[in-house]
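Asks: Before I ask anything, let me first share the structure, which is written out below as C-alpha cells.
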Ligand SMILES: Cc1cc2nc3c(=O)[nH]c(=O)nc-3n(C[C@H](O)[C@H](O)[C@H](O)COP(=O)(O)OP(=O)(O)OC[C@H]3O[C@@H](n4cnc5c(N)ncnc54)[C@H](O)[C@@H]3O)c2cc1C
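In this note's numbering, the protein residues as written are 251 to 641.
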C-alpha cells in the first residue's frame, strides 16, 4: 500500500505520514474498542496529538503553530484513519481554523491562537446544525441580540460534537431577522464562545448517544451573554465566513474517509491471503479479489480529488466544487470499502475483536455529515452544471 500515500512532495508529506503512524502505534484497536463500548472520549490520543503539534498544524508560526497548509493537514488526518484510529475526536480544531484565520481580527488571533497552539485551550466545537433547520443552514433560528457591549444568545443547536471536550466553540446565530435581511444569506453572524464561562450561565449541554462513539451533544442557549468583542468579522456576514470553514471541513473529512478506505482495503487483502476455505486462500477466488480491487481503484480516484481540493484551498483559490466532490467521492469510497471488508471477512466481519464492524459504523456517518450526499449532488447540479435550483 506504499503507493497510496501522497507522492507529490514525497519529502515532507512522507515524513508526516511516518510520524503520525509512529504516534498511532501506541493506540491500537483494543484502545478504541474499549472506548467504543463505554462511549468514552479518547483523551490520551488527543493529548498525544496535541503534544506532538499535529493539532496546531494550521496555526501560523507567529502564533506558535507550525504554519502548515491544508495539504499537510489532509496527510495528518488521512494517516490517523489509515492506522485504524479516529480523528473525529479532534478534527474540528483544524477545520474551524479557516474561519478564525481568514476572518478573525488581529486582536482575536493574538488572544486565542497561542493558547490553542500550546494546547492550553481546545477549539473543538462548531455549532451550526439546529433541530428545525437541518441541512437548510439559512433557516437557523438561534438568535444573537445586541445589548450594549454584549450579545444575548437564545436558541438550540443539535449534533454539536465534542462540546463537552472543548473550551471554545464557534457558533453561528441570526443577528437580523430573516425577513429583514438584505439578501438570502445575510443576517447570520459568527461568535467565538468561551464555554468555560458560558456553562451554567446560559449554556446547557446534553450528550446524545449515537450508533458510533462520537461525543456529540445538543446545546441550549438561554440568555447567554457573550462579549461583543467575540464577534468574528462583521455582523451579518457570518454565513460567508463559515463557508470557508465548511470547505476545509469537507476536504479534511474526505481525507479521513480515504484513510478509512485504506484501512479496510489493507485488512481485506491480509485476510483474503490468510483465510483458507476449500483448501485455498479465499483471495484466490476472483469473486473475492474483484470487490477489493474495485474498492482500491475507487479510493485512489477519490484521493486525487481530495488532493486537488486541498491544493486549491491552500492556494486560496475557489474550491467549493472540488471540496464537495472530494467529500462525495471519498465518503462513497470509504463506504464501499467498508462493505467489501465485512463481506471479505464473512462472519468474522461482525466480531468486535476484528474492529471491522466498529470502523464500518464509524465511516457510515460520512454519507450524512457534515453534509449529506444529496445536498452535495444538488450543489453540483445547481452551481457547477447550472441546472435549475431545486430548493
Ligand atoms: C454524529 C454526528 C455528528 C455531527 N456533528 C456536527 C457538528 O459538530 N456540528 C454541526 O453543526 N453539525 C453536526 N452534525 C450535523 C450534520 O451536519 C447533519 O446531520 C447533516 O448536515 C444533515 O442534516 P440533518 O441531519 O438535519 O438532515 P436533514 O436536513 O433533515 O435531511 C434528512 C435527509 O433528507 C435529505 N434532504 C434534505 N433536503 C433535501 C433536498 N432539498 N434534496 C434532496 N435531499 C434532501 C438529506 O440528504 C438527508 O438524507 C453531526 C451529525 C451527526 C449525526
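By construction, the Cβ of each residue, glycine as well, lies at the ideal position given by its N, Cα and C atoms.
Counting pairs of Cβ atoms below 8 Å between the region 294-311 and the region 329-345, do you hit three or more?
Replies: Enough Cβ pairs lie closer than 8 Å, so yes.
Asks: Looking at residue 194 and ligand 1, is the gap between the Cβ and the nearest heavy atom below 6 Å?
Replies: The shown model of the chain, from 251 to 641, leaves out residue 194, and the question about it has no answer.
Asks: What three-state label does DSSP hand residue 590 in the structure shown?
Replies: One-based indexing of the chain shown puts residue 590 at position 340. It is helical.
Asks: Between residue 541 and chain B, is any beta-carbon pair separated by less than 7 Å?
Replies: Protein chain content of the structure displayed is limited to a single chain, and chain B is not contained in it.
Asks: What are the start and end residues of each continuous alpha helix (DSSP H) run of 4 or more residues lying completely inside the region 359-412, in chain order?
Replies: Within the region 359-412, no complete alpha helix (DSSP H) run reaches 4 residues.
Asks: Taking contact to mean at least 3 C-beta pairs separated by less than 8 Å, is the region 309-319 in contact with the region 483-501?
Replies: Too few Cβ pairs lie closer than 8 Å, so no.
Asks: Please report the residue range of the beta strand (DSSP E) in which residue 640 lies.
Replies: One-based indexing of the chain shown puts residue 640 at position 390. Neither: residue 640 is in no beta strand (DSSP E) and is coded neither H nor E.
Asks: With DSSP as the reference, label residue 260 as helix, strand or coil.
Replies: Numbered from 1 along the chain shown, position 10 holds the residue referred to as residue 260. Low local confidence applies: a pLDDT of 45 at residue 260 is under 50, so the model's placement there is unreliable, with the coordinate-based value given in what follows. Residue state, collapsed to three classes: helix.
Asks: Nearest CA to the CA of residue 272: which residue from 298, 281, 282?
Replies: Here residue 272 refers to the residue found at position 22 when the chain shown is read from its first residue. Taking only the C-alpha atoms, the option nearest residue 272 is 298.
Asks: Are the region 499-510 and the region 578-598 touching by the rule of at least three beta carbon pairs closer than 8 Å?
Replies: Yes, since at least three Cβ pairs between the region 499-510 and the region 578-598 fall closer than 8 Å, the two stretches touch.
Asks: Using a Cβ-Cβ cut-off of 6 Å (strictly less than) and excluding sequence neighbours within five positions of residue 604, which residues of its own chain qualify?
Replies: For the purposes of this step, residue 604 is taken as the residue at position 354 of the chain shown. If we look at residue 604 and ignore the five residues flanking it on each side, its Cβ neighbours are 598.
Asks: So, is residue 533 buried or exposed, given that buried needs 16 or more other C-beta atoms within 10 angstroms?
Replies: Here the question's residue 533 lines up with position 283 in the chain shown. Label assigned to residue 533: buried.
Asks: Output the boundary residues of the beta strand (DSSP E) element that contains residue 564.
Replies: Numbered from 1 along the chain shown, position 314 holds the residue referred to as residue 564. It is not in any beta strand (DSSP E) - residue 564 instead sits in the alpha helix (DSSP H) that spans 536-564.
Asks: Within the present structure, is the beta-carbon of residue 491 separated from the nearest heavy atom of ligand 1 by less than 6 Å?
Replies: Taking the chain shown and counting its residues from 1, the one referred to as residue 491 is at position 241. Outside the cutoff, so no.
Asks: So is the beta-carbon of residue 477 under 6 Å away from any non-hydrogen atom of ligand 1?
Replies: Stepping through the chain shown from its first residue, residue 477 is reached at position 227. Incorrect: residue 477 has no Cβ contact closer than 6 Å to ligand 1.
Asks: Please look up how many angstroms separate the CB atoms of residue 444 and residue 372, rounded, as I've assumed it's under 8 Å.
Replies: Stepping through the chain shown from its first residue, residue 444 is reached at position 194. Stepping through the chain shown from its first residue, residue 372 is reached at position 122. Incorrect: roughly 12 Å between the Cβ atoms, too far for contact.
Asks: Go through its chain and collect everything with a Cβ distance to residue 502's Cβ below 7 Å, but skip five positions before and after it.
Replies: Residue mapping note: residue 502 aligns to position 252 of the chain shown, counting from 1. Hits under 7 Å: 323, 324, 327, 341, 344, 345.
Asks: On the premise that residue 542 lies in contact with residue 522, defined as a C-beta separation below 8 Å, what is that separation, rounded to the nearest angstrom?
Replies: Residue mapping note: residue 522 aligns to position 272 of the chain shown, counting from 1. Residue mapping note: residue 542 aligns to position 292 of the chain shown, counting from 1. Right, the Cβ-Cβ distance comes to about 6 Å (below 8 Å), so this counts as a contact.
Asks: Taking the alpha-carbon positions, what's the residue 450 to residue 544 distance?
Replies: Locating residue 450 in the chain shown gives position 200, counting from the first residue. Locating residue 544 in the chain shown gives position 294, counting from the first residue. Rounded to whole angstroms, residue 450 to residue 544 spans 52 Å at the Cα level.
Asks: Please list the terminal residues of the continuous alpha helix (DSSP H) segment that includes residue 626.
Replies: Numbered from its first residue, the chain shown carries residue 626 at position 376. Unbroken alpha helix (DSSP H) run through residue 626: 623-629.
Asks: Counting only runs of 3+ residues fully inside the region 313-338, write out the beta strand (DSSP E) ranges in chain order.
Replies: Correct list: empty.
Asks: For residue 300, which of helix, strand or coil comes out of DSSP?
Replies: Here the question's residue 300 lines up with position 50 in the chain shown. DSSP places residue 300 in helix when its eight states are reduced to three.
Asks: What residues match up with residue 483 in a beta bridge as DSSP calls it?
Replies: Stepping through the chain shown from its first residue, residue 483 is reached at position 233. In DSSP, residue 483 forms no bridge with anything.
Asks: Using CA atoms only, rank isn't needed, just tell me which of 576, 295, 607 is closest to residue 627.
Replies: Residue numbering aside, residue 627 sits at position 377 when the chain shown is read from its first letter. Ranking the options by Cα distance to residue 627, first place goes to 576.
Asks: Out of curiosity, what's the CA-to-CA distance linking residue 625 and residue 631?
Replies: The residue given as residue 625 occupies position 375 in the chain shown. The residue given as residue 631 occupies position 381 in the chain shown. Going from the Cα of residue 625 to the Cα of residue 631 covers about 10 Å.
Asks: Look at the Cβ atom of residue 369, then the Cβ atom of residue 460, and state whether they are nearer than 7 Å.
Replies: Here residue 369 corresponds to residue number 119 of the chain shown, with the count starting at 1. Here residue 460 corresponds to residue number 210 of the chain shown, with the count starting at 1. Cβ distance not < 7 Å, so residue 369 and residue 460 don't count as in contact.
Asks: Using the beta-carbon count (16 or more within 10 Å), is residue 258 buried or exposed?
Replies: The residue labelled residue 258 in the question sits at position 8 within the chain shown. With a pLDDT of 40 at residue 258, under the threshold of 50, the modelled position of this residue cannot be trusted; read the value that follows with caution. It is exposed - the Cβ of residue 258 has fewer than 16 other Cβ atoms within 10 Å.
Asks: Alpha carbon to alpha carbon, how far is residue 462 from residue 286?
Replies: Translated into positions along the chain shown, residue 462 becomes position 212. Translated into positions along the chain shown, residue 286 becomes position 36. Each residue's alpha carbon lies about 7 Å from the other.
Asks: Starting from the N-terminal side, write out each stretch of the beta strand (DSSP E) that is 3 residues or longer and does not extend beyond the region 509-539.
Replies: Runs of the beta strand (DSSP E) inside the region 509-539: none found.
Asks: How far does the beta strand (DSSP E) with residue 472 in it extend, from its first residue to its last?
Replies: Here residue 472 is taken as the residue at index 222 of the chain shown, counted from 1. It spans 466-477 - the beta strand (DSSP E) in which residue 472 sits, taken as one unbroken run.
Asks: Pick helix, strand or coil for residue 266, following the three-state DSSP scheme.
Replies: On the chain shown, position 16 is the one that residue 266 refers to. Helix.
Asks: Hey, quick one: how far does the beta strand (DSSP E) through residue 423 stretch, first residue to last?
Replies: Counted from its first residue, the chain shown places residue 423 at position 173. From DSSP, the beta strand (DSSP E) with residue 423 extends over 418-424.
Asks: Let me know the secondary structure DSSP gives residue 290 once reduced to three states.
Replies: For the purposes of this step, residue 290 is taken as residue 40 along the chain shown, with counting starting at 1. The answer is coil: DSSP assigns residue 290 none of H, G, I, E or B.
Asks: On the DSSP letters alone, give me the boundaries of the alpha helix (DSSP H) that residue 305 sits inside.
Replies: By 1-based counting over the chain shown, the position of residue 305 is 55. That residue, residue 305, is in no alpha helix (DSSP H); it is neither H nor E in DSSP.
Asks: Among 333, 499, 571, whose alpha-carbon lies nearest the alpha-carbon of residue 276?
Replies: Here residue 276 refers to the residue found at position 26 of the chain shown. The residue with the shortest Cα to Cα distance from residue 276 is 333.
Asks: Pick out whichever of 413, 572, 311 has its Cα sitting closest to the Cα of residue 375.
Replies: Looking up residue 375 in the chain shown gives position 125. Measuring from the Cα of residue 375, the nearest candidate turns out to be 413.
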